[in-house]
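Reading through the structure tokens given below for one structure.
In our numbering, the protein residues as written are 2 to 136.
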């Protein structure tokens, strides 16, 4: 796993999805990333989970609930700052369900982070994201 930080932006897959998002940004891409996770009844793949977490971060930030800013979030942060989009309750609820799916069973991302026992910092970041989405 090419990860350097437990937050949603701290891995290669998140950076790749962020770049794709910024090619044509909008809520439709956010919804697609979240729906892929929710529609999958099978094992949740690493890349899909990472993309959905960035989508969830976008939702939280659009609601004014900023997480940690970094060089990896900068381009999306700039887009959010110029956007007047407000996510609706339905999308917010889907984001909450997606995070629960990512930290639950059958999630490659959770398995990787918890490979040597529960990664308290990663779980804290996921809980923090949930709080920021729900505010």
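Just so it is clear, CB atoms sit at the ideal spot from N, CA and C, and this is done for glycine as well.
DSSP three-state call for residue 14: helix, strand or coil? For the purposes of this step, residue 14 is taken as the residue at position 13 of the chain shown. DSSP places residue 14 in helix when its eight states are reduced to three.
Three-state secondary structure assigned by DSSP to residue 116: One-based indexing of the chain shown puts residue 116 at position 115. DSSP, read as helix, strand or coil, puts residue 116 in strand.
Pairs of beta-carbons, one from the stretch 48 to 63 and one from the stretch 85 to 100, closer than 8 Å: are there three or more? yes
Complete runs of the alpha helix (DSSP H) confined to the stretch 16 to 46 [at least 4 residues]: 28 to 40
Cβ-Cβ separation, residue 60 to residue 31 (assumed contact under 8 Å), whole Å: Here residue 31 refers to the residue found at position 30 of the chain shown. Here residue 60 refers to the residue found at position 59 of the chain shown. Indeed they touch by this definition, with Cβ atoms about 7 Å apart.
State the Cα-Cα distance for the pair residue 135 and residue 109, rounded to the nearest angstrom. As a position in the chain shown, residue 135 is number 134, starting the count at 1. As a position in the chain shown, residue 109 is number 108, starting the count at 1. Taking the straight line from one Cα to the other gives about 25 Å.
Output the boundary residues of the alpha helix (DSSP H) element that contains residue 100. Here residue 100 refers to the residue found at position 99 of the chain shown. Residue 100 -> alpha helix (DSSP H) spans 90 to 104.
Which residue marks the beginning of the alpha helix (DSSP H) containing residue 123, and which one marks its end? Walking along the chain shown from the start, residue 123 turns up at place 122. Per DSSP, the unbroken alpha helix (DSSP H) holding residue 123 starts and ends at 121 to 135.
Does the separation of the CB atoms of residue 103 and residue 39 fall below 8 Å? Counting from 1 along the chain shown, the entry for residue 103 is found at position 102. Counting from 1 along the chain shown, the entry for residue 39 is found at position 38. No. Outside cutoff.
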